[in-house]
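Participant: Residue numbers (our numbering): 359 to 464.
From the three backbone atoms N, C-alpha and C, an ideal C-beta is built for every residue, glycine too.
Source: prediction; values computed, not measured.
Pasting a structure here, questions to come.
Next up, the structure:
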């Protein structure tokens with residue numbers, strides 16, 4: 359029987375706001391990365407805006423939220439929710455590890 363259910367939500371955004379903000383090397387890497395998956399007539403600026411946040415090389419994590427549902431006799435008996443967010447991906451990840459160790463460590 360299921361006693362607990364953990365749900366994790368991770369929000370990401372592009373590392374820089376716009377394609378034009380990338381260095382020329384990164385712009386070239388972006389164009390190579392999406393060349394196989396985007397229609398030929400798609401502008402790099404448009405594809406970057408739509409997809410950069412979900413590609414690890416070009417995105418960053420800005421928020422991680424967790425929820426733990428506790429069950430007793432097939433009914434929800436508790437809910438714990440925690441989130442960590444910010445513009446610094448490393449700090450967000452370190453905060454997530456801290457939350458996991460405090461809330462869910464056994």
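Please classify residue 395: does DSSP put it in a helix, a strand, or coil?
Facilitator: Residue 395 falls in the coil class under three-state DSSP.
Participant: Tell me the residue span of the beta strand (DSSP E) that contains residue 439.
Facilitator: First-last of the beta strand (DSSP E) with residue 439: 433-443.
Participant: Within its chain, find whatever has a CB closer than 6 Å to the CB of residue 377; leave out the 5 residues flanking it on each side and keep chain order.
Facilitator: So the qualifying residues of the chain are 402, 403, 406.
Participant: Is it the case that the Cβ atoms of residue 436 and residue 423 are separated by a distance below 8 Å?
Facilitator: Cβ distance not < 8 Å, so residue 436 and residue 423 don't count as in contact.
Participant: Distance, Cα to Cα, residue 456 vs residue 366?
Facilitator: C-alpha separation (whole angstroms): 15 Å.
Participant: Quick one, are the C-beta atoms of residue 447 and residue 419 less than 8 Å apart?
Facilitator: Result yes, Cβ atoms of residue 447 and residue 419 sit closer than 8 Å.
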